[in-house]
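Please read the structure below before turning to the comments.
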Amino acid sequence: MSKGPGLFTDIGKKAKDLLTRDYNSDQKFSISTYSASGVALTSTALKKGGVHAADVATQYKYKNALFDVKIDTDSSVLTTVTLTEILPSTKAIASFKVPDYNSAKLEVQYFHDHATVTAAAALKQNPLIDITATLGSPVISFGAEAGYDTTSKAFTKYNAGISVTKPDACLSIILGDKGDSLKASYLHHFDEFKRTAAVGEVYRKFSTNENTITVGGLYAIDHSTAVKAKLNNHGTLGALLQHEVLPRSLVTVSSEIDTKALEKHPRFGLSLALKP
């Protein structure tokens with residue numbers, strides 16, 4: 622694939638990941654194994670509130686094709702097939718879930734040095750169609766996306782965004798919710814390994830006149846331990862500690878507390894991911 626501007630979903634993704642990734646209030650355990658033939662098997666168990674769930678995922682790569690199959694405790698099977706370079710600079714992703722046959726979806730992505738275009742549609746009689754386009758370079762990019770419902774013949778969404786990316790910083794602005802919201806974020810790395818960073822995000826909802834300001838940070842205590850924290854203007858404070866017990870095997874402990882209602886019990890989450 623070319624070194625172009627990336628996908629529209631990449632706009633603001635780095636800041637979003639720092640503020641949301643690995644934060645949880647559940648108990649999650651996963652273990653991955655790999656065979657000599659290239660098959661990856663991941664088993665996951667999750668406790669969310671009083672509900673228990675589990676799934677088994679298998680991944681296999683053959684030449685330019687990647688096959689993913691996930692089976693969960695609801696007896697549903699999700700299959701995703703990703704094909705790269707079926708045409709120059711093109712990727713195709715097909716997915717479907719059994720027994721929900723209406724969930725079948727096909728997405729095609731085209732990458733160019735100065736543009737990226739994607740088109741996705743549900744494989745049914747009256748599909749939802751999503752189209753995105755991004756222009757620019759890896760340093761600065763402009764993007765837009767639109768969703769169209771062929772049944773109601775109406776747009777389900779249209780958003781636009783801009784991103785400026787440097788080796789140590791990333792700035793993004795997204796106009797979303799059909800023009801009803803504006804999100805601006807800035808992420809700055811303080812070291813070349815990107816193990817220490819600060820992030821700020823401002824979200825404005827025009828219809829409700831609501832503003833949400835969130836600041837957060839990442840700090841590496843040593844080569845195997847890192848801490849993250851975030852706080853918004855509504856008083857929600859989140860923090861997590863992540864430790865690499867073995868290479869690629871992580872233990873994550875996270876918590877969230879409402880600083881404006883300290884009488885409430887904080888929410889705790891625990892995640893353990895083991896990989897060989």
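Per our numbering: the sequence shown = residues 622 to 897.
All C-beta atoms, glycine included, are put in the ideal place defined by N, C-alpha and C.
Its Cα nearest to that of K885, the residue T857 stands out among L639, T857, V872, Q863.
In the three-state DSSP reduction, K691 falls in the strand class (E or B). Counting C-beta pairs with one atom in each stretch, the region 876–895 and the region 843–862 have three or more that are closer than 8 Å, which means they touch.
In summary, L639 is buried, with 16 or more beta-carbon neighbours lying within 10 Å of its beta-carbon over all protein chains present.
In this structure, the beta-carbon distance from P720 to K624 does not fall below 8 Å. Within a 10 Å sphere around the beta-carbon of G670 sit fewer than 16 other beta-carbons, which makes this residue exposed. Non-local C-beta neighbours of F763 in its own chain, meaning closer than 6 Å and more than five positions away in sequence, comprise L756, G757, I783, ordered along the chain. Within its own chain, the residues whose Cβ lies closer than 8 Å to the Cβ of Y779, once the five positions on either side in sequence are excluded, are A765, E766, A767, G768, K799, G800, listed in chain order. The distance from the Cβ of L796 to that of A819 is about 24 Å, inconsistent with a contact at the 8 Å cut-off.
Taking 8 Å as the cut-off, the Cβ atoms of V729 and A743 do not count as close.
Per DSSP, D879 is one residue of the beta strand (DSSP E) stretching across 870–879. With a contact defined as Cβ atoms closer than 8 Å, K649 and T663 miss out at about 12 Å. Straight across, the Cα-Cα distance linking Y655 with K682 is about 12 Å. Residue pairing by DSSP places L727 opposite A715, A742 in a beta bridge. The three-state secondary structure of D676, taken from DSSP, is strand. Secondary structure at Y644: coil, using DSSP grouped into helix, strand and coil. Nearest C-alpha to T835 among Y824, V690, I842, T829: Y824. Between K745 and N723 the beta-carbon gap is near 5 Å, inside 8 Å, which marks them as a contact.
Between D812 and K826, the alpha-carbon positions lie close to 34 Å from each other. Relative to S646, the option among H809, K668, L792 whose CA is nearest is K668.
Assignment of beta-bridge partners to A754 by DSSP yields V738, A765. Annotation for S892: K649, T873 place their beta carbon closer than 6 Å to its own, counting only its chain and skipping 5 residues before and after. In this chain, Y722 is not harboured by any beta strand (DSSP E), its DSSP state being neither H nor E.
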